[in-house]
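Participant: Take this structure, written in structure tokens, and hold onto it; I'll ask about it next.
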Amino acid sequence: MTILKRLFFWTMVLALVVVPLVPARRTQAQSARASMVRDQFGRPTVTAEDEYSLFEMYGYAVAEDRLWQLELFRRSAKGTLSEMLGPNGLNSDLVERREGYTEAEYQAIFDALPDFVKSWIQGYRDGINRYLAEAVADPVNKLPWEFHATNFQPAPWRVTDTIAIGRLMVRRFGESGSRELRNLTVFQTLVNRYGPAVARNIFNDLRWQNDPDSPVTVPHGDPGSIPLVLMPEPGAAVAEATPGSFDYTSFPNIGHLAAAYEEELAARDRVLQSVGFPLKFGSYAYVVSAEKSVSGKPVLLGGPQMGFSYPDIIHEVHLQAPGINVTGMSFAGVPPVLIGHSDRFAWTSTTGMGDNTDTYIETLNPQNPNQYLYNGQWRDMEVREEVFNVRGGPPETRVFARTTHGPVVQVDTQNNVAIVIKRAHWMREMETALAFFNWNRSTTNMEEFQEALKSIITTHNFLYADVDGNIAYWQSGRVPIRPLGFDPRLPLPGTGIAEWLPGVRPIPRSINPAQGYLANWNNKASIDFDNMASGNFGKQFRVLRLQELLANPTLIYARSEGGDPGKLRPEDFRAIERDAARLDGNGLRKQFVIDYISKAVSEVGGGEGRLTQAKQMLEQWSGYLFEDAITSTTVEPAEAIFGAWLDRMIRNTFEDDVGSSLVGEANLNTVTHVLDGPASGVPPSRDYFNGEDWRQVVVRSLNEALTALQGRFNTPDMTAWRAPRPTIAFRHTLLFEVGPAIPNSNRSTYTQIVHLTDPIQGINIIPSGQSAFFKLNPNNPTVPAATPDLINQRIMFRNFEFLLTQMSGR
């Protein structure tokens with residue numbers, strides 16, 4: 121049994137079981153050139169005379185609140201969790217060291233940074249180490265209980281720890297693509313069944329490149345929607361998305377390699393999730409212009425969705441120094457504010473859809489598996505040996521290799537191939553971080569914000585508003601230009617014939633659009649932007665509902681009366697978030713298929729009573745999972761009916777054509793394409809109903825769904841088909857839950873709403889609290905002492921209530 125299981129086999133709800141033994145920490149800190157004060161919720165405001173001192177004090181504050189989290193994050197990033205957690209951490213460590221960087225490389229990345237950035241990181245390091253020294257000197261009062269419980273002593277912080285965390289965070293929220301192996305498996309399976317020509321058609325139906333009906337953020341044709349050119353494109357690049365003549369049947373069967381790599385990543389993610397590292401994908405953001413705002417000033421909402429654990433994934437801070445006045449959220453180990461506002465502008469971000477990774481298949485030398493074919497010659501791989509010190513066991517050694525394209529992630533010596541992941545941001549992740557440093561420091565207007573954004577390598581959507589009345593959107597990042605003759609959805613041969621071309625795609629953007637609003641929920645940026653290798657965007661997507669509510673505020677659920685009904689107030693932004701929290705991950709799923717269901721049941725349902733009742737329930741259903749985001753305790757019966765129907769509809773439509781192993785590749789948009797037929801944005805290549813009346817397939821699927829649900833709920837009464845609404849539990853990394861669970865909903869981990877008045881007024885909220893400090897309980901070392909700050913925002917968060925941002929509160 122591992123050390124964690126031995127120590128923490130028990131579970132407790134900490135806020136209900138553990139009596140607080142220490143008061144809330146309202147520390148005030150002072151140094152020669154900086155001070156830190158906390159508000160009633162423990163949120164720090166750091167003020168300094170210079171930038172180094174500002175971040176030295178900020179590092180101290182973060183360590184005071186999140187020393188245990190800092191330790192977990194740096195070990196997650198550097199691949200040393202197994203030194204702390206034992207064998208359980210090894211699955212994550214293997215991936216991170218294989219696809220991350222060496223200590224020397226992290227140091228080289230730091231050394232290349234601008235001097236002011238290095239000063240910030242060094243100050244942050246020194247502040248963490250100042251608190252750490254105090255904790256070592258007074259472990260009973262200052263060293264978090266978790267270190268006592270695990271009998272582990274934290275080492276001094278290094279600048280490379282911050283670089284490593286930055287690398288992992290930037291990839292987590294800014295890396296897209298890399299599904300080419302799975303796509304090739306799909307294609308190869310279809311080829312084995314149908315041959316290349318038919319397989320290509322079905323593959324295009326399942327993994328289409330561009331559905332022109334997909335909702336986008338950039339308004340098509342708007343004068344402010346001219347892309348931002350970062351560097352000239354080669355003339356041939358205009359045809360980059362056209363699948364070419366390369367014979368993909370020449371690749372060996374790589375299904376086993378794809379499965380092995382997917383399992384390695386899944387195992388890594390399970391470890392990272394267990395230590396509270398953010399994994400969830402999906403964030404929303406929206407902004408309205410002065411003209412569409414009741415006050416005549418822009419309003420912006422940012423809602424990054426990163427999942428829920430304990431401690432909170434993020435923390436809050438307000439930083440003040442000459443040239444710096446910014447407040448918002450950041451991650452433990454990362455100095456700048458990542459989403460927030462200054463006294464001049466506000467910004468937020470979501471993960472973008474720019475495809476910035478590719479999979480290469482290298483040809484190995486049969487006589488030497490450490491060589492690969494490149495430009496007609498055998499080239500040596502860069503090979504290194506890594507030692508993993510595993511707590512409670514002997515060290516383990518692994519050999520990792522890189523080619524010119526990147527790290528080798530899988531090898532098949534029987535077929536003499538290696539799988540390599542190429543990243544546009546390889547060794548350049550801190551260029552993305554540089555933009556945030558500049559926004560915190562020297563940005564005062566939209567032009568300067570955009571200029572700093574140009575340094576971003578990875579793919580992110582940014583929404584912006586300022587006190588001058590501007591609103592804007594950019595999908596940042598360097599999207600490579602793929603070579604002609606190759607399908608961007610599939611792997612590339614690594615022999616040198618399929619290298620990326622010079623230049624990058626222009627950045628989609630929208631500046632002050634005429635429609636008066638912008639919204640993004642990880643959707644496509646613009647109509648001309650193809651799906652990435654891992655994307656499958658169609659006309660049904662969750663951002664549609666945000667756009668509908670912004671365009672017509674009278675549709676907002678539980679909207680308070682008053683003001684111009686066509687314009688929005690800051691409180692409407694709260695109501696929209698509460699409205700969106702009731703959505704399925706794909707949005708209002710029924711909207712493009714309900715007419716087909718109604719028509720099918722009416723025309724070929726035979727008048728069967730339960731079919732008619734189900735049809736009526738689906739027609740009358742709002743499309744939301746539950747009625748109210750705060751008070752509802754059950755899921756709507758129509759949601760169960762629709763979900764069960766869709767599952768059967770996908771199987772009844774596609775399984776006989778693609779087989780059971782690939783039917784999961786189809787989704788709601790695939791069904792919509794088939795039902796829409798030739799009128800679809802992606803017309804299907806074949807009759808997937810195989811001569812059967814589509815109405816019969818719809819009705820049969822509904823009948824099967826109703827039968828299954830009657831068995832599941834043990835009653836024919838459809839109105840009783842109410843599943844309990846799930847809850848969100850806040851699980852500590854040491855296997856207990858902290859504080860009360862809250863009702864599950866489609867909501868963000870952090871929310872800010874900023875009203876761009878002058879001075880700016882903002883509100884925000886986090887799920888638990890700023891401090892995550894558990895103090896050693898001398899009377900019972902196995903049960904920590906708690907403070908009220910651990911969960912002092914939980915009830916407000918549950919009820920969609922907010923605090924003034926620290927800058928607004930002052």
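The sequence shown: position 413 = 533 (my numbering), numbered continuously.
Quick reminder that beta carbons are idealized off the backbone N, C-alpha and C, glycines included.
How far does the alpha helix (DSSP H) with ASN211 in it extend, from its first residue to its last?
Facilitator: 210–219
Participant: DSSP puts GLN497 in a beta bridge; with which residues?
Facilitator: TYR494
Participant: For MET838, which of ARG245, ALA828, LEU288 has the nearest alpha-carbon?
Facilitator: ALA828
Participant: Whole angstroms is fine: what's the gap from LYS198's alpha carbon to SER173's?
Facilitator: In this structure, the CA atom of LYS198 is about 27 Å from the CA atom of SER173.
Participant: Are VAL157 and ILE248 touching if we call contact CB-CB under 8 Å?
Facilitator: No, these two residues do not count as a Cβ contact at 8 Å.
Participant: Tell me which residue opens and which closes the alpha helix (DSSP H) that GLY729 is part of.
Facilitator: 729–740
Participant: Go ahead and label SER462 buried or exposed: buried means 16 or more other beta carbons lie within 10 angstroms of its beta carbon, across all protein chains shown.
Facilitator: That one is buried.
Participant: For the region 230–246 and the region 414–427, state whether three or more C-beta atom pairs, one from each stretch, are separated by less than 8 Å.
Facilitator: no
Participant: May I have the straight-line CA-CA distance separating PRO264 from GLN487, to the nearest angstrom?
Facilitator: 54 Å
Participant: Assuming THR578 contacts VAL290 (C-beta within less than 8 Å), just tell me the rounded distance between them.
Facilitator: 5 Å
Participant: Near GLU747, what residues of its chain come up, given a Cβ to Cβ distance below 6 Å and the 5 sequence neighbours on each side ignored?
Facilitator: Cβ within range, chain order: n/a, list empty.
Participant: How many Å lie between SER429 and GLY220 at the Cα?
Facilitator: Straight through space, the alpha carbons of GLY220 and SER429 are spaced by roughly 25 Å.
Participant: Output the distance between the C-alpha atoms of GLU178 and GLN926, rounded to the nearest integer angstrom.
Facilitator: Here the sequence assigns Tyr to residue 178, which means Glu is not the residue at that position. Roughly 15 Å between the two C-alpha positions.
Participant: Give me the Cα-Cα distance between MET769 and GLN160, rounded to the nearest whole angstrom.
Facilitator: Going from the Cα of MET769 to the Cα of GLN160 covers about 54 Å.
Participant: Pick from LEU310, ILE761, ARG820: whose alpha carbon is nearest that of THR773?
Facilitator: If we check each option's Cα against that of THR773, ARG820 comes out closest.
Participant: Is there contact between the region 789–800 and the region 682–699, where contact requires at least three CB pairs shorter than 8 Å?
Facilitator: no
Participant: Once DSSP output is grouped into helix, strand and coil, what is the label at THR524?
Facilitator: coil
Participant: At which residue ranges does the region 583–651 contain complete beta strand (DSSP E) runs of 3 or more residues, listed in the order of the chain?
Facilitator: 591–595, 621–624, 629–631, 637–640
Participant: Buried or exposed: SER680, going by 16 or more other Cβ atoms within 10 Å of its Cβ?
Facilitator: exposed
Participant: What does a CB cutoff of less than 6 Å around LEU896 pick up in its chain, not counting 5 residues either side in sequence?
Facilitator: VAL260, TRP265, HIS268
Participant: Tell me the residue span of the beta strand (DSSP E) that contains ARG158.
Facilitator: 154–158
Participant: Quick check: the Cα distance between THR282 and VAL457, rounded to an integer number of angstroms?
Facilitator: 14 Å
Participant: Taking only the alpha-carbon atoms, compute the straight-line gap between ARG665 and LEU708 and give it to the nearest angstrom.
Facilitator: 7 Å
Participant: Please list the segments of the beta strand (DSSP E) lying wholly inside the region 378–437, counting only runs of 3 or more residues, in order along the chain.
Facilitator: 403–408, 419–424
Participant: If we count Cβ pairs, one from each stretch, closer than 8 Å, do we get three or more for the region 466–473 versus the region 579–588?
Facilitator: yes
Participant: Expressed to the nearest angstrom, what Euclidean distance is found between the alpha-carbon atoms of LYS262 and THR280?
Facilitator: 25 Å
Participant: Keeping to the same chain, check which residues put their C-beta closer than 6 Å to that of GLU360; ignore five residues upstream and five downstream.
Facilitator: Any reading at GLU360 is ruled out, since the residue's pLDDT is 39, under 50, leaving its predicted position unreliable.
Participant: Measuring CB atoms only, is the region 614–633 touching the region 474–485, in the sense that at least three cross pairs come out at less than 8 Å?
Facilitator: At 8 Å Cβ cutoff, the stretches touch.
Participant: Is it buried or exposed for GLU216, if we count other Cβ within 10 angstroms and need 16 for buried?
Facilitator: buried
Participant: Can you tell me whether VAL105 is helix, strand or coil according to DSSP?
Facilitator: In the structure as shown, the chain starts at 121 and stops at 930, and residue 105 therefore has no counterpart that could be examined.
Participant: Just to confirm, is the Cβ distance from SER202 to VAL510 under 8 Å?
Facilitator: yes
Participant: Taking 8 Å as the cut-off, decide whether the C-beta atoms of ILE717 and LEU738 are in contact.
Facilitator: Cβ atoms of ILE717 and LEU738: closer than 8 Å.
Participant: Would you kindly work out how many angstroms separate the C-alpha atoms of PRO685 and LYS735, rounded to a whole number?
Facilitator: Across the structure, PRO685 and LYS735 are spaced so that their CA atoms are roughly 33 Å apart.
Participant: How do the region 440–451 and the region 887–905 stand: do at least 3 beta-carbon pairs fall below 8 Å, yes or no?
Facilitator: No, they do not touch.
Participant: Tell me which residues share the same chain as VAL624 and place their Cβ nearer than 7 Å to its Cβ, disregarding the 5 neighbours each side in the sequence.
Facilitator: LEU350, MET351, ARG598, VAL599, PRO600, ILE601
Participant: Residues bridged to SER450 by DSSP?
Facilitator: HIS435
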